[in-house]
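**Q**
Chains as they are written, first to last, in my numbering: chain A, 1 to 284; chain B, 1 to 284.
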């Protein structure tokens, strides 16, 4: 498998965004500081990088505790055949970052990913003269400002982005809500089930019959297996039918989990195990 | 209640987008051709228009059978105190629309709402030279092209938008998948339960206890009440806790529905009925 990095022994991982992004921070939290990151423009490219053997892992955000699921990535989990091997919850702290030497009073326009802009509503309510501009990436916004010497612009991004591009933090912790966490998933080509894995993710579709969702959840409840998340997404070409993504606490090696999944297979039209991995602490 | 329109007896309704949008088509399907539309830039303004008594109704898209839920509108259903009084499923047919007299060969750039652009992937794969540009609205894109005489641009929008702005349809039915439906909800300040209402929408949060989602769905299954949709959204400030939006078939006047909701109230922390209305035919 070809690995991009110059660094020997570095684990290679594809992420969406630029150096210093929250995804890179999550990758370091999961894989250590010595990683060879491949920076991709889209989530689709992140999935392709591992599927095509260019990197060992892909890392994706799947859910933010304020903004909700990253639905596109749920859809890609079904379209590609990667498996979840780890998860991490990252505390998201947004900072206002400008050119070195610039004063806050000079700033007229704030650049960032739309979700980051939305998470700083109170900041924009306080400083009403600031114009908001959408960008494809938080750390990419810092890069743009620094490289082009944009003295009237600031970006909303992570401390890591400020450090990487030598930007200046003009204001810290400007997010509306401090309980701002993003859950990231580390993906690989193969299912890996370690003994300490205690969380499993599955995706299934149901026969279109009354009570089928209830029956599908009963396979867990009847065996005292806790669900941590349920997400539904449309099945293209089959209006008002859904794929259900369910996370539950349990290891594939446990008898009650095996029984639950056998039982679930009786009820579902389609069923796939997406991964079995150690549950991350809820607050990172 | 002040109504904007000049037309007497016209029902007033707020929608997001410009004249000729899919929302306007849905409003006409539900309320007849004689409506006084208030065209809003954001969904938030659509909710506010009815809540502040400026119009009688708000109309919002809630779900597309290919792209999924319009999550922002689920969140606004909880933030505002409007109630669902009707629903409609609209077949979405996308057309490529340009200036009158323009030939397809002249077009270099295609403008539309990002969801509409995404729903025409096969079209863009066939005509690789065409550049895509995001806009806030489908019919607003037609307006922009016609008003500014942009001969190298075309928009993706409805037939209604082409007619309203006197644009020319260059290519018809360019969506990837013909099974493309959007479900719209008509909102009002008051709950209205007619005898022919057979669908109910509720929103609830659960005590954070094992099996609580299963128990909440059991109140319907135990009474043979069919669920048609379940959606979950994060509760801001309470990481990894969710609001559940559930649609089921039943009228609030039925004894089994009353019992189910009383039972549900035993399990939930928070429970609200969002509306009780006639179910629309699945394919419009």
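Ideal placement from N, C-alpha and C gives every residue a C-beta, glycine not left out.
(1) Taking only the alpha-carbon atoms, compute the straight-line gap between residue 45 of chain B and residue 29 of chain B and give it to the nearest angstrom.
(2) Give the straight-line distance between the Cα atoms of residue 12 of chain B and residue 32 of chain A, rounded to the nearest whole angstrom.
(3) What whole-angstrom Cβ distance do residue 15 of chain A and residue 39 of chain A have, given they're in contact under 8 Å?
(4) Can you list the alpha helix (DSSP H) stretches of 4 or more residues lying completely in the stretch 218-249 of chain A, in chain order?
(5) Please tell me whether residue 152 of chain A has its Cβ less than 7 Å away from any Cβ of chain B.
(6) Chain B beta carbons: is any one of them nearer than 7 Å to that of residue 65 of chain A?
(7) Verify the CB distance criterion: does residue 291 of chain B have a CB-CB separation below 7 Å to chain A?
(8) Reducing DSSP to helix, strand and coil, say where residue 147 of chain A ends up.
(9) Helix, strand or coil, according to DSSP, for residue 187 of chain B in the structure here?
(10) What residue range is occupied by the uninterrupted alpha helix (DSSP H) comprising residue 78 of chain B?
(11) Under 7 Å between the Cβ atoms of residue 261 of chain A and residue 201 of chain A?
(12) Quick one: residues in its chain with C-beta nearer than 6 Å to the C-beta of residue 161 of chain B, no 5 flanking neighbours on either side, listed in chain order?
(13) Is residue 204 of chain A close to chain B? Criterion is C-beta to C-beta, closer than 7 Å.
(14) For residue 83 of chain B, which of B:96, B:10 and B:59 has the nearest alpha-carbon?
(15) Assign residue 75 of chain B to one of two classes, buried (16 or more other C-beta atoms within 10 Å of its C-beta) or exposed (fewer than that).
(16) Would you mind stating whether residue 175 of chain B and residue 120 of chain B have Cβ atoms separated by less than 7 Å?
(17) Roughly how many whole angstroms lie between the Cα atoms of residue 278 of chain B and residue 87 of chain B?
(18) Touch check for the stretch 129-136 of chain B and the stretch 107-115 of chain B: three-plus C-beta pairs under 8 Å?
(19) Would you mind sorting residue 238 of chain A into buried or exposed? The rule is 16 or more other CB atoms within 10 Å of its CB.
(20) Using a Cβ-Cβ distance under 7 Å, would residue 236 of chain A count as near chain B?
(21) What's the gap between the Cα of residue 205 of chain A and the Cα of residue 242 of chain B?
(22) For residue 203 of chain A, count neighbouring C-beta atoms within 10 Å of its own C-beta (all shown protein chains included) and say buried if the count is 16 or more, exposed if not.
(23) When you compare the CB of residue 198 of chain A with every CB in chain B, is at least one pair closer than 7 Å?
(24) On the CB-based measure, 16 or more other CB atoms within 10 Å of its CB, does residue 85 of chain A come out buried or exposed?
(25) For the stretch 157-188 of chain B, which residues have a beta carbon sitting closer than 7 Å to at least one beta carbon of chain A?
(26) Which partner residues of residue 37 of chain B appear in the DSSP bridge assignment?
(27) Based on DSSP bridge pairs, tell me the residues matched to residue 97 of chain B.
(28) Would you give the residue range spanned by the alpha helix (DSSP H) that residue 129 of chain A belongs to?
(29) What do you get for residue 67 of chain B, buried or exposed, if any count of 16 or more other CB atoms within 10 angstroms of its CB means buried?
(30) Can you check whether the C-beta of residue 280 of chain B is within less than 7 Å of a C-beta belonging to chain A?
**A** In this structure, then:
(1) 22 Å
(2) 59 Å
(3) 7 Å
(4) none
(5) Not a single CB atom of chain B sits nearer than 7 Å to the CB of residue 152 of chain A.
(6) yes
(7) Beyond the ends of chain B as shown, which are 1 and 284, falls residue 291 of chain B; an answer cannot be given.
(8) helix
(9) strand
(10) 71-79
(11) no
(12) 20, 139 and 142
(13) no
(14) B:59
(15) Residue 75 of chain B comes out buried.
(16) yes
(17) Computed Cα separation, rounded: 7 Å.
(18) In short, these stretches touch, since the Cβ pair count reaches three.
(19) Residue 238 of chain A comes out exposed.
(20) yes
(21) 22 Å
(22) buried
(23) no
(24) buried
(25) 177, 179 and 181
(26) In the DSSP output, where bridge partners are listed per residue, residue 37 of chain B has B:13.
(27) B:155 and B:169
(28) Segment: none, residue 129 of chain A is in no alpha helix (DSSP H) and carries neither H nor E.
(29) buried
(30) no
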